[in-house]
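Counting from 1, position 212 in the sequence shown corresponds to residue 213 in my numbering; the numbering is continuous, with no gaps.
For glycine and all other residues, C-beta sits at the position ideal for the given N, C-alpha and C.
Everything on this sheet refers to the single structure shown next.
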Amino acid sequence: MTIMHILFITGEYPPMRGGVGAYTACLAEALQRHGARVSILTGVDAQRAAHSPHRTRTDTLIFGQRRWWPTIWYSIPRLARTIGADWIHIQYQTAAFAMNPSINLAPTVWRSIRPLLSLPPIAWTYHDLLVPYLFPKAGAQLRRWVTAQPAHHSALTIVTNEADRIQLQAEQGVDAVKIPIGSNIMPPQLAPDVRAKRRAQRNYEDGQLVLGYFGFLNRSKGGITLIQTLDRLVQRGYDAHLLMIGERVGASDPTNFAYLHEVETLIGSRGLGKRVRWTGHQSADEVSKDLAAIDLLLMPYVDGASLRRGTLMAGLAHGCAIVTTTPQGPLSELTDGQEVLFISPENPIAAADAVARLAENPTLRQILGQRAQQKSLQFTWDAIAQSHLHNYSLNVSNFIPSGATDR
């Protein structure tokens, strides 16, 4: 039996907190269910044995990389040869890999020296197309060039949403494959009384309006709008509360802490401290209970709703009534008033109006939640894994691989 072996390269991986890490773990498990082998190379801190692999419960080999310096141009191919990988697949997010452009340039280097290294083909998934900070006065043209290089030198380029696919095609002439992400929190079967029990555990009373927000805070997530919206609802007479579900900030971007401080300062200045609760990191089951307990999910992304957002996908999968921001690019999968309510970004007045509309219309909340959950069935991890395996097979001829073997 021929077994494909994929080596994922990712700047974050559980137990690190981060959406790309959670995505990679979910994808690895799904690929293994479909018969593939998966190994991981990810960053480690100074306290960990950086190059000591260990086994996870899914039998995935995990290797540590201390620094993402140019030495990876040779160490990653060496690792791929050692473990017999059939694909090297980089999961790229601009804020990860310490924003070191060595990872961006790796496919270019590997393509030029590939005959000497017996490299397998390279796949590259863009989890965003944000340009990285390089050095003072690095111009926009250079930063865009660094971001785009992998798309020109990888055998397979993947994006997670239609807007990024269109942008890559228009700006770089690259025909990327769109494979959406799934929810990194899969909804379990919950007992009918879970909602009431969870609200009681969180000390929410009957008649209180509980808004939920799920995920890390950063400047693109609209945390300031969240607090301004809560404030407006209270001023309108609603006994409104905000449950912040999950870890406060992620591991990849150090600027998240400064933004968290801004949000916490605003909470204090508006006198909302008793109306905002933070759950901190929780197990998946505990997150699911909180998503069942809230009345609606408010996700006011500054850059608009997108299928690249795993937290949005989790809200859909859990059947939440969702208020989120109008997409900046094509998003045919979601329709305003059908699966979600769209509002303009950084607009607490519009957000408060949408929340009030749902607060006064429980039937609409229920309908939106049911349709959202139905839509999420398009984005199962098994379907995502199958799409990856199909595209690996289709694109393997773009490079002459080292060859899948019977293992």
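Indicate the three-state DSSP secondary structure (helix, strand or coil) for Lys-179 in the structure shown. Position 178 of the sequence shown, counted from the start, is the residue given in the question as residue 179. In the structure shown, Lys-179 sits in a strand (DSSP, three-state: E or B).
Sequence-distant residues of the same chain with beta carbon closer than 7 Å to Ile-186, five excluded per side: For this step, residue 186 is matched to residue 185 along the sequence shown. Contacts found: Ala-285, Val-288, Ser-289, Ala-315.
Can you say whether Phe-258 is buried or exposed, counting buried as having 16 or more other CB atoms within 10 angstroms of its CB? The sequence position of residue 258 within the sequence shown is 257, counting from 1. Exposed, because fewer than 16 other Cβ atoms sit within 10 Å of the Cβ of Phe-258.
Nearest residue (CA-CA) to Ile-246, options Gln-170, Phe-215, Arg-271, Thr-364: Residue mapping note: residue 246 aligns to position 245 of the sequence shown, counting from 1. Nearest C-alpha to Ile-246: Phe-215.
Ile-4 - DSSP class collapsed to helix/strand/coil: On the sequence shown, position 3 is the one that residue 4 refers to. Ile-4: strand per DSSP, three-state reduction.
DSSP state of Leu-267, grouped into three classes? Taking the sequence shown and counting its residues from 1, the one referred to as residue 267 is at position 266. Helix, per DSSP.
Could you tell me the distance, in whole angstroms, from the CA atom of Leu-28 to the CA atom of Ala-386? Translated into positions along the sequence shown, residue 28 becomes position 27. Translated into positions along the sequence shown, residue 386 becomes position 385. Rounded to the nearest angstrom, the two C-alpha atoms are 6 Å apart.
Alpha-carbon to alpha-carbon, Ile-84 and Asp-407: The residue you call residue 407 lines up with position 406 of the sequence shown. The residue you call residue 84 lines up with position 83 of the sequence shown. Low local confidence applies: a pLDDT of 36 at Asp-407 is under 50, so the model's placement there is unreliable, with the coordinate-based value given in what follows. Cα to Cα, the separation comes out at about 13 Å.
Classification of Arg-34 by the beta-carbon crowding that lies within 10 angstroms, buried from 16 upward: As a first step, residue 34 must be located in the sequence shown, where it is residue number 33. By the 10 Å Cβ count, Arg-34 comes out exposed.
Return the chain-ordered ranges of every beta strand (DSSP E) run that is complete within the stretch 28-109 and spans a minimum of 3 residues. 38-44, 62-66, 88-93
Beta-bridge pairing of Ala-241 - partner residues as DSSP gives them: The residue you call residue 241 lines up with position 240 of the sequence shown. Ala-241 pairs with Leu-210.
Please state whether DSSP places Gly-281 in a helix, a strand or coil. In the sequence shown, the residue the question calls residue 281 occupies position 280. Of the three classes helix, strand and coil, the one that applies to Gly-281 here is strand, per DSSP.
What does the alpha-carbon distance come out to for the pair Gln-379 and Pro-137? By 1-based counting over the sequence shown, the position of residue 379 is 378. By 1-based counting over the sequence shown, the position of residue 137 is 136. In a straight line, the C-alpha of Gln-379 is about 43 Å away from that of Pro-137.
Look up Asp-1 in the DSSP assignment and say whether it is helix, strand or coil. Since the displayed the chain opens at 2 and closes at 408, residue 1 lies outside it and no answer follows.
Provide the residue span of the beta strand (DSSP E) that contains Met-300, from first to last. Here residue 300 corresponds to residue number 299 of the sequence shown, with the count starting at 1. Run containing Met-300: 297-300, per the beta strand (DSSP E) assignment.
Determine whether the beta carbon atoms of Ile-295 and Leu-359 lie at a separation below 8 Å. Position 294 of the sequence shown holds residue 295. Position 358 of the sequence shown holds residue 359. For Ile-295 and Leu-359, no; Cβs fall outside 8 Å.
3-residue-minimum beta strand (DSSP E) runs that sit fully inside the stretch 324-370, ordered along the chain: 342-344
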